[in-house]
Amino acid sequence: MGREMRVFVCLSVVLAAGVAQAQSYTTTVNREAHTVTTTGNGVTATTKQISSSSTTATYTTTITRSGGYHPMGAAGYSPMGH
Numbered sequence: 000m001g002r003e004m005r006v007f008v009c010l011s012v013v014l015a016a017g018v019a020q021a022q023s024y025t026t027t028v029n030r031e032a033h034t035v036t037t038t039g040n041g042v043t044a045t046t047k048q049i050s051s052s053s054t055t056a057t058y059t060t061t062i063t064r065s066g067g068y069h070p071m072g073a074a075g076y077s078p079m080g081h
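Everything in the sequence shown is counted per numbering that gives the first Met the number 0, starting at 0 for the first residue and increasing by one.
Take a look at the structure:
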């Protein structure tokens, strides 16, 4: 595995861990498409190499959540006693 691809994988895992705070992850490396996808706890982080030259490489990372954001739980806000 090349140096760029190792950096690529580490970046995806770190980003997914920071966003998802999941306990288990699945990471898929697609060398032909130049992508690394990490999935866990309803969050997917995909990093893609969009260009490269002999001295540099450019990557883009997309983070997608499945389901809605419920800061107070799925049942919503319910004050005590009501």
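The beta carbon of each residue, even a glycine, is placed where N, CA and C say it ideally should be. Here the structure is a predicted model, which is why all the values come from computation and not from measurement.
Does the beta-carbon of residue i have 16 or more other beta-carbons within 10 angstroms, so that it is buried, or is it exposed?
{"i": "Ser-11", "result": "buried"}
{"i": "Thr-61", "result": "exposed"}
{"i": "Thr-97", "result": "The first residue shown for the chain is 0 and the last is 81, placing residue 97 beyond what the model contains."}
{"i": "Gly-39", "result": "buried"}
Can you pull the DSSP bridge partners for residue i?
{"i": "Gly-39", "result": "Val-42"}
{"i": "Tyr-58", "result": "Gln-48"}
{"i": "Val-106", "result": "Outside the shown range of the chain, which is 0 to 81, sits residue 106, and nothing can be said about it."}
Please name the residue, chosen from the options, that lies closest to residue i on a Cα-to-Cα basis.
{"i": "Thr-57", "options": "His-33, Tyr-24, Asn-29", "result": "His-33"}
{"i": "Thr-37", "options": "Thr-54, Gly-66, Ser-23", "result": "Ser-23"}
{"i": "Ser-50", "options": "Thr-26, Val-35, Thr-59, Ser-65", "result": "Thr-59"}
{"i": "Ser-65", "options": "Val-8, Thr-27, Met-79, Thr-43", "result": "Thr-43"}
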